[in-house]
Amino acid sequence: MYRIRVRYEKKGRVKYLGHLEMIKVFERAFRRIGIPLKYTEGFNPHPKMSFALPSSVGFSSIGEYIDVEVTEAVRIGKFIEKMNSALPGGLKLIVGGYVDAKAKSLMSMVDYSEFEIDFPLDAEIDMDSIMELEKILESGPIPARKRTKSGKIVEKNLKEDIHGYETVNFKNNRIVLKVLLSAGSRGNLNPLFLLKGLGEKTGWNIDPHNVDVLRIDLFSKAEGGPLSLEETVSEVEAK
Amino acid sequence: MQIDYLLKQVEKPSRYIGGEVNSVNKEIRQGQVRFGFAFPDVYEVGMSFMGLQILYFLLNDMEDVYCERLFAPWTDMEKVMRESETPLFTMESRTPAGELDIIGFTLQYEMSYSNILNMMDLAGLPVFAKDRDDSHPVIIAGGPCAFNPEPIADFVDVVFIGDAEDILPEFIERFKIHKSETTTKYDFLKSITDIPGIYVPSFYDPVYKDGIYMGTKTIEKEAPPVLKKNMVMDLDKSYFPDRQVMPYADAVHDRAVVEVFRGCTRGCRFCHAGMVYRPVRERSVDTVAEIVDKIIKNTGYEEISLASLSTSDYSGLGTLVEKLLGSYEAERIGISLPSLRLDSFSMEILQRIQTVRKTGLTFAPEAGTQRMRDVINKGIDEKDLMESVENAFDLGWDTVKLYFMIGLPTETKEDLDGIYDLAKKVVEAYYEMPKEKRRRKPRITVSVSNFVPKAFTPFQWEGQDEPSVFNEKHRYLNKLFKREKAISFNYHDSETSFMESVFSRGDRRLCDVLHRAWVSGCKFDSWSDYFDYGKWIKAMGESGLDPLAYANRISEYGQALPWDHISAGIDKEFLADENEKAKKGQLTPDCRQGCCNCGILTNYRGACNV
Numbered sequence: 307m308y309r310i311r312v313r314y315e316k317k318g319r320v321k322y323l324g325h326l327e328m329i330k331v332f333e334r335a336f337r338r339i340g341i342p343l344k345y346t347e348g349f350n351p352h353p354k355m356s357f358a359l360p361s362s363v364g365f366s367s368i369g370e371y372i373d374v375e376v377t378e379a380v381r382i383g384k385f386i387e388k389m390n391s392a393l394p395g396g397l398k399l400i401v402g403g404y405v406d407a408k409a410k411s412l413m414s415m416v417d418y419s420e421f422e423i424d425f426p427l428d429a430e431i432d433m434d435s436i437m438e439l440e441k442i443l444e445s446g447p448i449p450a451r452k453r454t455k456s457g458k459i460v461e462k463n464l465k466e467d468i469h470g471y472e473t474v475n476f477k478n479n480r481i482v483l484k485v486l487l488s489a490g491s492r493g494n495l496n497p498l499f500l501l502k503g504l505g506e507k508t509g510w511n512i513d514p515h516n517v518d519v520l521r522i523d524l525f526s527k528a529e530g531g532p533l534s535l536e537e538t539v540s541e542v543e544a545k
Numbered sequence: 008m009q010i011d012y013l014l015k016q017v018e019k020p021s022r023y024i025g026g027e028v029n030s031v032n033k034e035i036r037q038g039q040v041r042f043g044f045a046f047p048d049v050y051e052v053g054m055s056f057m058g059l060q061i062l063y064f065l066l067n068d069m070e071d072v073y074c075e076r077l078f079a080p081w082t083d084m085e086k087v088m089r090e091s092e093t094p095l096f097t098m099e100s101r102t103p104a105g106e107l108d109i110i111g112f113t114l115q116y117e118m119s120y121s122n123i124l125n126m127m128d129l130a131g132l133p134v135f136a137k138d139r140d141d142s143h144p145v146i147i148a149g150g151p152c153a154f155n156p157e158p159i160a161d162f163v164d165v166v167f168i169g170d171a172e173d174i175l176p177e178f179i180e181r182f183k184i185h186k187s188e189t190t191t192k193y194d195f196l197k198s199i200t201d202i203p204g205i206y207v208p209s210f211y212d213p214v215y216k217d218g219i220y221m222g223t224k225t226i227e228k229e230a231p232p233v234l235k236k237n238m239v240m241d242l243d244k245s246y247f248p249d250r251q252v253m254p255y256a257d258a259v260h261d262r263a264v265v266e267v268f269r270g271c272t273r274g275c276r277f278c279h280a281g282m283v284y285r286p287v288r289e290r291s292v293d294t295v296a297e298i299v300d301k302i303i304k305n306t307g308y309e310e311i312s313l314a315s316l317s318t319s320d321y322s323g324l325g326t327l328v329e330k331l332l333g334s335y336e337a338e339r340i341g342i343s344l345p346s347l348r349l350d351s352f353s354m355e356i357l358q359r360i361q362t363v364r365k366t367g368l369t370f371a372p373e374a375g376t377q378r379m380r381d382v383i384n385k386g387i388d389e390k391d392l393m394e395s396v397e398n399a400f401d402l403g404w405d406t407v408k409l410y411f412m413i414g415l416p417t418e419t420k421e422d423l424d425g426i427y428d429l430a431k432k433v434v435e436a437y438y439e440m441p442k443e444k445r446r447r448k449p450r451i452t453v454s455v456s457n458f459v460p461k462a463f464t465p466f467q468w469e470g471q472d473e474p475s476v477f478n479e480k481h482r483y484l485n486k487l488f489k490r491e492k493a494i495s496f497n498y499h500d501s502e503t504s505f506m507e508s509v510f511s512r513g514d515r516r517l518c519d520v521l522h523r524a525w526v527s528g529c530k531f532d533s534w535s536d537y538f539d540y541g542k543w544i545k546a547m548g549e550s551g552l553d554p555l556a557y558a559n560r561i562s563e564y565g566q567a568l569p570w571d572h573i574s575a576g577i578d579k580e581f582l583a584d585e586n587e588k589a590k591k592g593q594l595t596p597d598c599r600q601g602c603c604n605c606g607i608l609t610n611y612r613g614a615c616n617v
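Shown next as structure tokens:
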């Protein structure tokens, strides 16, 4: 048994696919290209595959990851090439390789997510507003109310989940902000939720439907700082 | 950008994105015929429809045609589209529907008609055909409900009666001439009446006397007085796509489908499709296997559905199933057979295919007593049913769905009790199995639908129960089933069935009703959350029409029927005879056991090879 790990992107119309739809799209693309899939047991066998914290519906991404298990080794280069002609437009595998069959699951490795958020303001943007924004991102607090699973409403300071930021650009009433946020099962901050918090803090009116979010990458916590999940797929061909 | 903004505001954006695997992306060129295949319901429903796949690829395989898809946007999407003045757009190139040359609506069920008007309006088109000119797309319609086109006659320009795949190319050729010579729409419509099955409603005029329908006269010499359905004679040589657009958004059916035959030999007396799609035309085992092979390669689907009105009746079923299992078992591709009959042969087939994947089982005894099953000519008895069910339990199934109809002609209380008794016997059969075979409690669902008399069936002269009578019967059954823990009982809404009945046997005066209902906000009427009975009744009243006169009337055999100028190939005398036999509980044998002279043989020479 072999486990292939691939980084891929989703752009354009396919960014609106939900996770279950994405699973089907991959499953059937794997079947079309005819790789020797490993199946689950039972009456409704499914190919063994798993994703790393799929980005939300409506977000573009160049940092999605998927693991798939095969019963025989295939050539990664050829595999990526075939998959890219089989997947619907907007989905593209970027890089891949084999990982140990017993390696940690993709999902469990995720600690941070990096986003580029492109959002509009209803006011003219000048250097002052950018400085105000950066000051808030730097020292907080960004209070927000969050409903817990048990239904309780708790106060949160979103600043705790911001691990890096950078104003990339601002023009024509739009700001492009790059942020590194907590992600995964140990804490997760959705960039749209952050924007809501920022809007409340600053009094800016941000139309949530006019926000473009691009996920750049996913990271693990490591000694030398956040480590891109792509680092775990560097050993390219199978042994 | 604009559409992107809308998509971020709706619940299921993937309904509107297009770009699915195998969807067609063509360069838009001058001189191309731009066709919109329109399904008047939401994407998930429309994408589960096999006819869409056939016609979509048939048209797109033509070099100078670009066929794109249109669906009814769900209400959340419609709201933001109207607010932002975004017209209905195609799934593929996002072209505003009003810019297309032809829009073709499929008529699968009557309760989708209000969506047709709504979609035209969203496209910025006048809904009445008379208000559209040469600058607008030509609106065509087809599908099973097209056999009685009168309730939508004022809205569409052309109706395709019967099979369409072999005449669409000719229609397109004529349209190209019309487009290049810039003739008027009127001249174009006159130029196509010689194509078999093409009905131009504006060339016909219904006559009423004292509010009673008397007949229909032609008002153009090009219009044939009786419009015969078009029929594909040889299904084996007829077009079937080698790929399918693979839907997003949790489509109702998302699997490979091949039509193994069209038509049906059984002759159930309530069944519209079984009558209008006569005779049976089969695709050969080799052709089906070849098509399956290509579709599987081009889609990666994990399930193949062998579609027809009654797949157990496919003469090559055993051979085909063995062949498919041989090819696909290793790839874990399952076979599903919709519409299985309750007989031992079907159970043998089931036993073979269940080794791959086990799905829920659905049986349709249709009626609770043998007398009633004979009235409808169902041709199965309780022994068949019980043996099949016992067989299924023995093979490991514990989830069984039973379909029944209530309100059938001659129904009595005994027939209702029969439904309950039969369902109970099914549960008992489960507990009669040795204990070690029972893994858990059985799950039996009894689903009851309300009989709707349909045009072109032997019951077209019969009346429907009034909604209050249906409600009473539902209550009665509900009370019986309430005490059965193993059985869950559900039924259809009486008022929806009532309006369905009005429209299925409606005349052209219903166009006004439909228009009024739509103006007052009716849409998605087949969705119980949206069906607004009050609005429909109000619209009927405003049009001065009595819904009971449509739904509940019992007609004399000599009386003119609003669809008499359409021919489905079966003789009216045959239907009348069948209705009389029904009343006496006499059976008519399956066509395969001997010709029952329905008229197909004489009206379409060489078509019936049963």
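Just so you know, the protein sequences line up as chains U and D, in that order.
Going left to right, the first sequence walks through residues 307 to 545 as the numbering used here numbers them.
Going left to right, the second sequence walks through residues 8 to 617 as the numbering used here numbers them.
Ideal placement from N, C-alpha and C gives every residue a C-beta, glycine not left out.
Keep in mind the model is a prediction, meaning the values are calculated, not measured.
Taking only three categories from DSSP, how would you classify residue i?
| i | result |
| --- | --- |
| A430(D) | helix |
| P426(U) | strand |
| C602(D) | coil |
| V312(U) | strand |
| A544(U) | Unreliable positioning characterises A544(U) in this predicted model, as indicated by a pLDDT of 46, which lies under 50. A coordinate reading is not provided. |
| A374(D) | coil |
| H280(U) | Because residue 280(U) is not part of the residues shown, which for chain U are 307 to 545, the question remains open. |
| I146(D) | strand |
| G43(D) | strand |
| P554(D) | helix |
| D450(D) | Looking at the sequence shown, residue 450(D) is not Asp but Arg. The answer is strand: DSSP assigns R450(D) an E or B state. |
| V455(D) | strand |
| S334(D) | helix |
| R36(D) | coil |
| C152(D) | helix |
With distances taken Cα to Cα, identify the nearest neighbour of residue i among the options.
| i | options | result |
| --- | --- | --- |
| E229(D) | T200(D), N237(D), F247(D) | T200(D) |
| A614(D) | P231(D), R288(D), V265(D) | R288(D) |
| R311(U) | K452(U), L359(U), V401(U), V331(U) | V401(U) |
| L132(D) | M118(D), I109(D), G150(D), S119(D) | I109(D) |
| S491(U) | I459(U), P514(U), Y418(U) | Y418(U) |
| Q9(D) | R89(D), D173(D), M57(D), V72(D) | R89(D) |
| N479(U) | K398(U), F336(U), S445(U), D424(U) | D424(U) |
| P447(U) | P426(U), E430(U), E506(U) | E506(U) |
| N384(D) | H143(D), A160(D), K590(D) | K590(D) |
| E255(D) | N497(D), D539(D), P20(D), G551(D) | Correcting the residue identity first, residue 255(D) is Tyr in this sequence and not Glu. Checked all of N497(D), D539(D), P20(D), G551(D); the closest Cα to Y255(D) is P20(D). |
| M221(D) | S504(D), M98(D), N122(D), S562(D) | S562(D) |
I need the straight-line Cα distance from residue i to residue j, nearest angstrom please.
| i | j | result |
| --- | --- | --- |
| D140(D) | D212(D) | 20 Å |
| K384(U) | L77(D) | 37 Å |
| N516(U) | V320(U) | 18 Å |
| I2(D) | A148(D) | Because chain D is modelled from 8 through 617, residue 2(D) falls outside the range shown and cannot be assessed. |
| P248(D) | I61(D) | 6 Å |
| V299(D) | L347(D) | 20 Å |
| D68(D) | V31(D) | 10 Å |
| V363(D) | F210(D) | Low confidence applies here, because V363(D) scores a pLDDT of 48, under 50, leaving its location unreliable and the question unanswered by this model. |
| A392(U) | W81(D) | 30 Å |
| E472(U) | E315(U) | 22 Å |
| I184(D) | V40(D) | 11 Å |
| G503(U) | D170(D) | 59 Å |
In the segment 188 to 233 of chain D, which residue ranges form an unbroken beta strand (DSSP E) of at least 3 residues, counting only runs that do not cross its ends? 211 to 216, 219 to 225
For the segment 373 to 428 of chain U, which segments carrying the beta strand (DSSP E) assignment without a break, of at least 3 residues, lie completely within its bounds, in sequence order? Secondary structure within the segment 373 to 428 of chain U: the beta strand (DSSP E) runs of 3 or more consecutive residues, fully enclosed, are 397 to 405, 418 to 426 (chain order).
Along the segment 488 to 522 of chain U, where does the CB come closer than 7 Å to a CB of chain D? Name the residues. H515, N516
Contiguous alpha helix (DSSP H) assignments of at least 4 residues, all confined to the segment 490 to 531 of chain D: Correct list: 501 to 511, 517 to 526.
May I ask you to list, following chain order, the residues of the segment 223 to 254 of chain D that have a beta carbon less than 8 Å from some beta carbon of chain U? Residues of the segment 223 to 254 of chain D whose Cβ lies closer than 8 Å to any Cβ of chain U, in chain order: M253.
Residues from the segment 434 to 452 of chain D in contact with chain U, defined by Cβ distance under 9 Å: none
Give, in chain order, every unbroken run of the alpha helix (DSSP H) that is at least 4 residues long and sits entirely within the segment 463 to 490 of chain D. 474 to 489
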